[in-house]
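Chains as they are written, first to last, in the numbering used here: chain A, 1 to 118; chain B, 1 to 113. Backbone N, C-alpha and C define an ideal beta-carbon position, used for all residues, glycine too. Just so we're clear, the structure is a prediction, and the values are computed from it rather than from any experiment. Structure first, then comments.
Structural data, given as C-alpha cells:
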C-alpha cells in the first residue's frame, strides 16, 4: 500500500454542481499532485501543491482549484461541473521538491475517486 | 505540442517470454522518465526511474532503457508471469524546477498461462 487514501471512492453529480474530493498523503510528504484520468487514457496533471501553495498547474481551467493543509490532507474542488469532467481523479504525494534528488518526485498514488457527471 | 506514444494499447504474451513495451516522445526533452504499473480500479504504482544520462536500469525482472537520441524508452519484463498482467504507463519529467509528470496512455499487458 502507498499510504495515500482518497475519499469518496465513487461520486455521482449533475452538470453545474460543485464537488470536493479529498486526499490524505503519506506522512512526511510535503508535495501533493492531482491528476485526471479519463477512461483508456493516462493520468493528466491538474496541479501540484507544496507546503500549502500551488506549485505548478496543467492545462485545466480555473474552476479546478485545490487546497493543501498542514496535516498532509488536501482537497480538489471542481465548480460548474461539465459532462467531460467524468473521470478517475488521482491524488499522488511525494516527499518534496526535487532539489537535486529526482527520487523525491516519485509519485505515490491513491486509488482514486471515480466521478460521474450526469 | 508534446506527445508521448506507447507502442500499442494492448500486448498479449505467453508466460515465460520477455515482454517489451515502448514509449516514444516528441517535442520534449525530459530530464528523467518513470514507469508505473496500474491495475484495474487502482492508482499507478511506481516501478523504475531512469535519468537522461543513464542508458539502462534494472530491478529484479524489470529492465528499462532510455535513448534520448531516438527519443524512446523500452521497458522489458523477463520471464513474464500472469501476475504481471496490468497496464504499464510511462511518465516523463522535465527535471528540477518543474515537477509535473506527463503520462502516456499506457499499454495493457496480458500474460497468457
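| Query | Result |
| --- | --- |
| Taking its Cβ as the centre, do 16 or more other Cβ atoms sit within 10 Å of residue 71 (chain A), making it buried, or is it exposed? | exposed |
| Specify the secondary structure class of residue 21 (chain B) as computed by DSSP and reduced to three states. | strand |
| At which residues does the beta strand (DSSP E) containing residue 116 (chain A) begin and terminate? | 113 to 117 |
| Is there a C-beta anywhere in chain B that falls below 9 Å from the one on residue 117 (chain A)? | no |
| Could you tell me whether the Cβ of residue 58 (chain B) comes closer than 9 Å to any Cβ of chain A? | no |
| Closer than 9 Å, CB to CB, is residue 21 (chain A) near chain B or not? | no |
| According to DSSP, is residue 12 (chain B) helix, strand or coil? | strand |
| Starting from the Cα of residue 18 (chain A), find the closest Cα among A:108, A:105 and A:64 and give me that residue. | A:64 |
| Does the distance between the C-beta of residue 113 (chain A) and the nearest non-hydrogen atom of the ligand ATP fall short of 8 Å? | The model depicted lacks the ligand ATP and carries no ligand whatsoever. |
| For residue 67 (chain B), which residues from the same chain have a beta carbon less than 6 Å from its beta carbon, with the 5 sequence-adjacent residues on both sides left out? | none |
| Strictly under 9 Å for the Cβ-Cβ distance: is residue 102 (chain B) near chain A by that measure? | yes |
| For residue 107 (chain A), which residues in chain E fall below 7 Å Cβ to Cβ? | Within the model displayed, chain E is absent; protein chains A and B are what it includes. |
| With 9 Å set as the bound, which would you pick, yes or no: does the beta-carbon of residue 87 (chain A) sit closer than that to a beta-carbon of chain B? | no |
| When you compare the CB of residue 122 (chain B) with every CB in chain A, is at least one pair closer than 9 Å? | The structure shown does not extend to residue 122 (chain B), since chain B is modelled only from 1 through 113, so no value can be given for it. |
| Using 9 Å as the limit for Cβ to Cβ distance, is residue 62 (chain B) near chain A? | no |
| Going by DSSP, what residue range makes up the beta strand (DSSP E) through residue 82 (chain A)? | Here residue 82 (chain A) belongs to no beta strand (DSSP E), and DSSP marks it neither H nor E. |
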